[in-house]
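Notes follow the structure.
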Amino acid sequence: MIGGTDMTETVERPNYYAIIPASVRYDNNLPGKASLLYGEITALCNQKGYCWASDSYFANLYGVSKQTIQNWLKALEINNHIVREVIYEEGTQKILHRYIKILVYPTQNNLHTPTQNNLGVNNTSINTTVNNTSNKKHSAANATPLVQLEKDFEEIWQVYPNKKGKGQAFNHYKAWRKKSVDHTNEYLFNKLDRYKQYIKLNSNWYHPLNGATWFNGRFDDELDLTPKPQNRGYQKNTRKEIIPQWAKDQKAQYDSNHGTNNHISDDDRKRLADRLAKLESKGG
């Protein structure tokens, strides 16, 4: 199955040799020709580094139904001989790719026979084969299914403040996660909390990085989270006008003689009243 398309494939017999270790040959939990199917998978892994053949390919090769092949593959996976990875089209159940890979080290639970010496020989053989093709054992970090990585990424993407470059951001995230088991969402959430504090402290000039940039290792930037001094703003310097004593005395005299004072003309009285009114308005 390539790109999720299930079609009749030409039965290809690889030139690379197949390897069936003792842990598989003598595993009583495997039905039918599951051990032979395992050998075929090792041959295809020798050629490609992984096996991408579909159920139809194996069914045509062994002359059985696809359901039988599925049962054999399931048994091999349950008994820790292979691992399968299915990649779906984003947001759908459509299969884009399916890969089958050999687990390098057999488990002791699969050994049921007096073949410990044979196990040593065959184990060395298959280790050499897989190391020549896959080059290294899949680490615990590398074994995280893609579906789980997508789910974990969505959790942190939902709260990231600048949702630009999501596709590239996920590629960076996925590569980072596969480097170490210590690369976890908990680590990223702690980094994101600090980054949000930095954004808040510098909101007057700083804009969050695009997601594609931040997830490309920028979450490890050193951030200065020292609180900035508050700007109290410009305060207008107001001056309060003080009414002079002579003006107060004239006003008091005017008030006491209002209507009977013949020494102040009506015009002077009006000018004095206007002047006092202005002085009082300035003085608050």
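If you're matching positions, the sequence shown starts at 1 in the UniProt record's numbering and goes up one per residue.
Glycine is no exception: its CB is placed at the ideal position from the N, C-alpha and C atoms.
Answer with buried or exposed for residue i, where buried requires no fewer than 16 other C-beta atoms within 10 angstroms of its C-beta.
i      : result
Phe153 : buried
Thr226 : exposed
Gly63  : exposed
Tyr17  : exposed
Ser23  : buried
Ile69  : buried
Arg271 : exposed
Pro229 : exposed
Asn204 : exposed
Phe58  : buried
Arg177 : buried
Ser54  : buried
Tell me whether residue i sits in a helix, a strand or coil according to DSSP, three-state version.
i           : result
Glu90       : coil
Val181      : coil
Lys200      : helix
Asn131      : Residue confidence for Asn131 is low, a pLDDT of 47 falling below 50, so the modelled location carries little weight and cannot support an answer.
residue 291 : Because the chain in this structure spans residues 1 to 284, residue 291 falls outside the shown range and cannot be described.
Glu85       : strand
Leu209      : coil
Ile78       : helix
Ile20       : coil
Lys101      : strand
Leu223      : coil
Leu44       : helix
Leu96       : strand
Leu272      : helix
Please state whether the Cβ-Cβ distance between residue i and residue j is less than 8 Å.
i           : j      : result
Lys191      : Phe170 : no
Arg84       : Trp52  : no
residue 373 : Leu61  : Nothing about residue 373 can be reported from this structure: the residues present for the chain run from 1 to 284 only.
Tyr195      : Leu223 : yes
Asn162      : Gly91  : no
Asp27       : Asn71  : no
Ile20       : Ser35  : yes
Glu155      : Asn185 : yes
Trp157      : Lys166 : yes
If distances are taken between C-alpha atoms only, which option among the options comes closest to residue i?
i      : options                        : result
His183 : Gly165, Gly217, Leu201, Gln168 : Gly217
Phe215 : Asn202, Tyr187, Leu201, Lys228 : Tyr187
Gln93  : Ile102, Leu44, Ser65, Val147   : Val147
Val86  : Thr144, Ser35, Asn80           : Thr144
His81  : Phe58, Lys66, Lys101           : Lys101
Tyr38  : Lys278, Lys74, Ala252          : Lys74
Ile41  : Asp193, Leu103, Lys179         : Leu103
Ala252 : Leu276, Asp266, Ser265, Asp267 : Leu276
Val159 : Lys179, Asp193, Glu280         : Asp193
Mind checking if residue i is an interface residue toward chain D, Cβ cutoff 8 Å exclusive?
i      : result
Leu223 : The chain inventory of the structure shown lacks chain D, comprising one protein chain alone.
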